[in-house]
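Colleague: Sequences listed follow chains H and C, in order. Taken in order, the first sequence gives residues 1 to 272; the numbers are from this note's numbering. Taken in order, the second sequence gives residues 273 to 539; the numbers are from this note's numbering.
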Amino acid sequence: MADVLQQTLPDERTSRSRAWFSQNLPVIAIVIALFLGWELAVRLLNVAEYVLPAPSVIIAKMVSSWELLLVNAWATTLEILLGFGMSVFIGIPLAVLVVYSRVFERVAFPLMVSLQTIPKVALAPILVMWLGYGIMPKVMVAFLISFFPIVINAVIGMRSAEKEMIYLAQSMGASELTTFLKIRLPKALPSIFGGLKVGIGQAVVGATVGEFIAAEKGLGYLQLISQVRLDTPLLFAAVVMLSLIGVTLFNIIAWLERVCLPWSRLRTETDS
Amino acid sequence: MNAPQPSIRGVSIDVRGVTKRYKSARGEPIQALELVDLDIAPGEFISIVGPSGCGKSTLMMLVSGLIPVSSGEIRVDGKPIFGAVKQAGIVFQRDVLLDWRSVLDNVMLPVEIKKLDPKTHLVKARQLLASVGLAGFEDKYPGELSGGMRQRASICRALVQNPGLLLMDEPFGALDALTREQMNVDLQRIWMQERNTVVFITHSIEEAVLLADRVVVMSARPGRIADVLEIDMPRPRGSHSRSDPAFLHHVEKIRRHFMALGILSEA
Numbered sequence: 001m002a003d004v005l006q007q008t009l010p011d012e013r014t015s016r017s018r019a020w021f022s023q024n025l026p027v028i029a030i031v032i033a034l035f036l037g038w039e040l041a042v043r044l045l046n047v048a049e050y051v052l053p054a055p056s057v058i059i060a061k062m063v064s065s066w067e068l069l070l071v072n073a074w075a076t077t078l079e080i081l082l083g084f085g086m087s088v089f090i091g092i093p094l095a096v097l098v099v100y101s102r103v104f105e106r107v108a109f110p111l112m113v114s115l116q117t118i119p120k121v122a123l124a125p126i127l128v129m130w131l132g133y134g135i136m137p138k139v140m141v142a143f144l145i146s147f148f149p150i151v152i153n154a155v156i157g158m159r160s161a162e163k164e165m166i167y168l169a170q171s172m173g174a175s176e177l178t179t180f181l182k183i184r185l186p187k188a189l190p191s192i193f194g195g196l197k198v199g200i201g202q203a204v205v206g207a208t209v210g211e212f213i214a215a216e217k218g219l220g221y222l223q224l225i226s227q228v229r230l231d232t233p234l235l236f237a238a239v240v241m242l243s244l245i246g247v248t249l250f251n252i253i254a255w256l257e258r259v260c261l262p263w264s265r266l267r268t269e270t271d272s
Numbered sequence: 273m274n275a276p277q278p279s280i281r282g283v284s285i286d287v288r289g290v291t292k293r294y295k296s297a298r299g300e301p302i303q304a305l306e307l308v309d310l311d312i313a314p315g316e317f318i319s320i321v322g323p324s325g326c327g328k329s330t331l332m333m334l335v336s337g338l339i340p341v342s343s344g345e346i347r348v349d350g351k352p353i354f355g356a357v358k359q360a361g362i363v364f365q366r367d368v369l370l371d372w373r374s375v376l377d378n379v380m381l382p383v384e385i386k387k388l389d390p391k392t393h394l395v396k397a398r399q400l401l402a403s404v405g406l407a408g409f410e411d412k413y414p415g416e417l418s419g420g421m422r423q424r425a426s427i428c429r430a431l432v433q434n435p436g437l438l439l440m441d442e443p444f445g446a447l448d449a450l451t452r453e454q455m456n457v458d459l460q461r462i463w464m465q466e467r468n469t470v471v472f473i474t475h476s477i478e479e480a481v482l483l484a485d486r487v488v489v490m491s492a493r494p495g496r497i498a499d500v501l502e503i504d505m506p507r508p509r510g511s512h513s514r515s516d517p518a519f520l521h522h523v524e525k526i527r528r529h530f531m532a533l534g535i536l537s538e539a
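(1) Pick from C:P435, C:D516, C:I462, C:H393: whose alpha carbon is nearest that of L376 (chain C)?
(2) Could you check if W130 (chain H) is buried or exposed, using at least 16 other CB atoms within 10 Å of its CB as the buried criterion?
(3) Note down, in chain order, every chain C residue with its Cβ under 7 angstroms from the Cβ of W255 (chain H).
(4) Could you pull the start and end residues of the beta strand (DSSP E) that K292 (chain C) belongs to?
(5) Report yes if the CB atom of A108 (chain H) is closer than 9 angstroms to the CB atom of V98 (chain H), and no otherwise.
(6) Taking 6 angstroms as the limit between beta carbons, can you name the residues of its chain near F104 (chain H), skipping five residues before and five after?
(7) Per DSSP, what kind of secondary structure is D458 (chain C) in: helix, strand or coil?
(8) Using a C-beta cutoff of 9 angstroms, does A174 (chain H) count as contacting chain C?
(9) Whole angstroms is fine: what's the gap from R18 (chain H)'s alpha carbon to S418 (chain C)'s?
(10) Could you pull the start and end residues of the alpha helix (DSSP H) that Q399 (chain C) belongs to?
(11) What are the start and end residues of the alpha helix (DSSP H) that includes D377 (chain C)?
(12) Can the beta-carbon of G379 (chain C) be found closer than 9 angstroms to that of L401 (chain C)?
(13) Among all the DSSP beta bridges, which residues are the ones paired with L439 (chain C)?
(14) Does E79 (chain H) come out as helix, strand or coil in the three-state DSSP assignment?
(15) Measuring only between beta-carbons, confirm whether Y413 (chain C) sits less than 9 angstroms from chain B.
(16) Could you tell me which residues DSSP puts in a beta bridge with I312 (chain C)?
(17) Look at the alpha carbon of A277 (chain H) and the alpha carbon of L68 (chain H), and state the distance between them as a whole number of angstroms.
(18) Find the nearest neighbour of L437 (chain C) within the set C:Q303, C:K358, C:I302, judged by alpha-carbon distance.
(19) Taking only beta-carbon atoms, is P506 (chain C) less than 9 angstroms away from chain H?
(20) Listing by chain order, which chain C residues have their CB less than 7 angstroms from the CB of E164 (chain H)?
(21) Looking at the structure shown, is Q116 (chain H) part of a helix, part of a strand, or coil, going by DSSP?
(22) Who are the Cβ neighbours of V368 (chain C) in its own chain at under 6 angstroms, not counting the five residues just before and after it?
(23) For E502 (chain C), which option in C:L307, C:L305, C:E300, C:I318 has the closest C-alpha, if you only look at C-alpha atoms?
(24) Three-state secondary structure (DSSP) at M273 (chain H)?
(25) Under 9 angstroms between C-beta atoms, does S191 (chain H) make it to chain C?
(26) Whose C-beta lies closer than 6 angstroms to the C-beta of E269 (chain H) among residues of the same chain, with five residues either side of it excluded?
(27) Output needed for F216 (chain C): all residues of its chain with C-beta closer than 6 angstroms, excluding positions within five of it in sequence on either side, in chain order.
(28) Which same chain residues, not among the five before or five after G201 (chain H), have their C-beta less than 7 angstroms away from its C-beta?
(29) If you measure from the beta carbon of Q303 (chain C) to each beta carbon in chain H, is any gap under 9 angstroms?
(30) Which residue marks the beginning of the alpha helix (DSSP H) containing E478 (chain C), and which one marks its end?
(31) For I183 (chain H), count neighbouring Cβ atoms within 10 angstroms of its own Cβ and tell me buried if that reaches 16, exposed if not.
(32) Check each candidate in C:Y294, C:R298, C:L310 and name the one with the smallest Cα separation from V341 (chain C).
(33) Any contact of the segment 216-231 of chain H with the segment 179-197 of chain H, i.e. 3+ C-beta pairs under 8 angstroms?
(34) Which residue wins for smallest C-alpha separation from H475 (chain C), given the options C:G445, C:L483, C:R461?
(35) Pull up the CB-CB distance for E478 (chain C) and R514 (chain C), whole angstroms please, since I reckon it's below 8 angstroms.
(36) Note down the Cα distance separating G194 (chain H) from M158 (chain H), rounded to an integer number of angstroms.
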């Protein structure tokens, strides 16, 4: 029995990875072709390195200045996580208030919507003036910019419980708290995760923009310095690092979603 | 204290001079129900049939105690109701199962919320699921089930607490015709075991006649009871009953009611 298992498992795994590979082959091929084309174009047309460095040059730069990149990437990541964390810990409770309180729905919600129309990036210089050159203004920009999608999605999610379900809970004698914990909140989770996924991307933008205005470290700051020095490969290296951070954080949330909501994929499958 | 008993007696319901007025979105008053009187005996199966907007769902919601009457009185087992009726299990047209709970956990939801004894009710929940052909599906998520199976699970959820009163608002309205016919047979079988009082709301005249001891025919605007028909056909009824002369007679009589009310017209 154990022999059979040991024999079949690796087989299954290789066939599954083979399936994944054949499915994603077009994507992989296009990405490789794109970078090859870029590399060739830069070499054949003799494009100056300060205008557009070849991918190989960028990779070489990343390897040679890995310590510089990592230190600054860590600074930016910290700003993103703090800003995003603030959005979650303030945004979700606020969404609960909006759903349960008439006053909040009438006052706070329209206020948030109108605040949303202000470009948050334009607030960055003001925040720097108020909060100085440290980590706080970047955290605040990341917070402000990621806050709205998280709140709005949480509100929509908590309102999505069917009225029949609420009636059922009432007929069972459920308290408001029980109804919230057993029905409204779990029902809202897919939508909340949707908001978190948008929010984390926004937080990356917020932290970078904050660093553009005034900073002493971080990938945004590194970009400014490289720009002044015409060190375009380092500029590109910083962009690569930023997108790596964004993709990684996004995937952590997507993974958390899969772990927390194993049923939600079923739902979309049956709906389609 | 709330352990399930072998024979469950349904509750009696007295509806006395009940009216219900709503305010529409524009603030105009709408008379949903006008002076409705209805006595339902313990363990009786009542179907309510009527056109859209006749207030049949409103009547069911009033009996559940979830919405208040404008005037008149509803008594359950002789006692005037105040707030949600504890003995009621409800099934809506939408099954509204909770996607994140397994089928068994969905059925156990009322037990959890009412803090009833989980052990005895777990046995009951499994029995109910098995009786509607959902044995082996206890640990599946609702997303893995067909529409008919989901509605079966939601009926089990309403029945797990041994409700004296089962309120059903177009429970099979979203199902295909074949599934619906089978569900009618299944519902009758469960009711004959449990003997709870059932208020069953439907658009389908045939379904109403097939299932009920009495069919309440309602007319619209304002909602009123137009007629109450005794269906004295032997049970268990099934597909064979649909060609029974008595069945056809009752169906024809209700149809004529709706023609007289201008809801149906000949050709």
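The beta carbon of each residue, even a glycine, is placed where N, CA and C say it ideally should be.
Modeller: Reading off the structure:
(1) Walking along the second sequence from the start, residue 376 (chain C) turns up at place 104. Selected option, being the one with the closest Cα: C:H393.
(2) Translated into the one-based positions of the first sequence, residue 130 (chain H) becomes position 130. By the neighbour-count rule (16 or more Cβ atoms within 10 Å), W130 (chain H) is not buried but exposed.
(3) If you number the first sequence from 1, residue 255 (chain H) lands on position 255. Residues of chain C passing the Cβ test: none, with the nearest at roughly 18 angstroms.
(4) Translated into the one-based positions of the second sequence, residue 292 (chain C) becomes position 20. Start and end: 285-295.
(5) Within the first sequence, the letter at position 108 stands for residue 108 (chain H). Within the first sequence, the letter at position 98 stands for residue 98 (chain H). Cβ atoms of A108 (chain H) and V98 (chain H): closer than 9 angstroms.
(6) For the purposes of this step, residue 104 (chain H) is taken as the residue at position 104 of the first sequence. Closer than 6 angstroms at the Cβ level, and outside the excluded window around F104 (chain H), lie L97, V98.
(7) Looking up residue 458 (chain C) in the second sequence gives position 186. Helix.
(8) Numbered from its first residue, the first sequence carries residue 174 (chain H) at position 174. Closer than 9 angstroms: yes.
(9) For the purposes of this step, residue 18 (chain H) is identified with residue 18 of the first sequence, where counting begins at 1. For the purposes of this step, residue 418 (chain C) is identified with residue 146 of the second sequence, where counting begins at 1. Computed Cα separation, rounded: 33 angstroms.
(10) As a position in the second sequence, residue 399 (chain C) is number 127, starting the count at 1. Here the alpha helix (DSSP H) through Q399 (chain C) covers 390-403.
(11) In the second sequence, residue 377 (chain C) corresponds to position 105, counting from 1. D377 (chain C) -> alpha helix (DSSP H) spans 375-379.
(12) Position 107 of the second sequence holds residue 379 (chain C). Position 129 of the second sequence holds residue 401 (chain C). Looking at the sequence shown, residue 379 (chain C) is not Gly but Val. In contact: V379 (chain C) and L401 (chain C) (Cβ atoms closer than 9 angstroms).
(13) Counting from 1 along the second sequence, the entry for residue 439 (chain C) is found at position 167. L439 (chain C) pairs with C:I362, C:V471.
(14) Locating residue 79 (chain H) in the first sequence gives position 79, counting from the first residue. It is helical.
(15) Included in the structure are the protein chains H and C, with no chain B among them.
(16) Position 40 of the second sequence holds residue 312 (chain C). Paired residue(s): C:I285.
(17) Given that chain H is displayed from residue 1 to residue 272, the structure contains no residue 277 (chain H) and the question cannot be resolved.
(18) Walking along the second sequence from the start, residue 437 (chain C) turns up at place 165. Cα-wise, what sits closest to L437 (chain C) is C:K358.
(19) The count along the second sequence starts at 1 and reaches residue 506 (chain C) at position 234. Not closer than 9 angstroms to any Cβ of chain H, the Cβ of P506 (chain C) fails to qualify, so no.
(20) Looking up residue 164 (chain H) in the first sequence gives position 164. Simply F364, R366, V368.
(21) For the purposes of this step, residue 116 (chain H) is taken as the residue at position 116 of the first sequence. Note: Q116 (chain H) maps to helix in three-state DSSP.
(22) Counting from 1 along the second sequence, the entry for residue 368 (chain C) is found at position 96. Counting only Cβ-Cβ distances below 6 angstroms, and skipping sequence neighbours, we find nothing.
(23) As a position in the second sequence, residue 502 (chain C) is number 230, starting the count at 1. Measuring from the Cα of E502 (chain C), the nearest candidate turns out to be C:I318.
(24) This structure cannot settle anything about residue 273 (chain H), because the visible part of chain H is limited to 1 through 272.
(25) As a first step, residue 191 (chain H) must be located in the first sequence, where it is residue number 191. Not closer than 9 angstroms to any Cβ of chain C, the Cβ of S191 (chain H) fails to qualify, so no.
(26) Walking along the first sequence from the start, residue 269 (chain H) turns up at place 269. Any reading at E269 (chain H) must be qualified, since the residue scores a pLDDT of 46, below 50, and its modelled position is unreliable; the value itself is stated next. Within the same chain, E269 (chain H) has no close Cβ partners at all.
(27) Given that chain C is displayed from residue 273 to residue 539, the structure contains no residue 216 (chain C) and the question cannot be resolved.
(28) Here residue 201 (chain H) corresponds to residue number 201 of the first sequence, with the count starting at 1. Around G201 (chain H): G246, F250.
(29) Position 31 of the second sequence, counting from 1, holds the residue named residue 303 (chain C). Not an interface residue.
(30) For this step, residue 478 (chain C) is matched to residue 206 along the second sequence. Counting along the chain, the alpha helix (DSSP H) containing E478 (chain C) begins and ends at 477-483.
(31) Numbered from 1 along the first sequence, position 183 holds the residue referred to as residue 183 (chain H). Buried is the call here.
(32) For the purposes of this step, residue 341 (chain C) is identified with residue 69 of the second sequence, where counting begins at 1. It is C:Y294.
(33) no
(34) One-based indexing of the second sequence puts residue 475 (chain C) at position 203. Here the closest residue by C-alpha is C:G445.
(35) Along the second sequence, one-based indexing puts residue 478 (chain C) at 206. Along the second sequence, one-based indexing puts residue 514 (chain C) at 242. 7 angstroms between Cβ atoms; contact.
(36) Working through the first sequence from its first residue, we reach residue 194 (chain H) at position 194. Working through the first sequence from its first residue, we reach residue 158 (chain H) at position 158. In a straight line, the C-alpha of G194 (chain H) is about 13 angstroms away from that of M158 (chain H).
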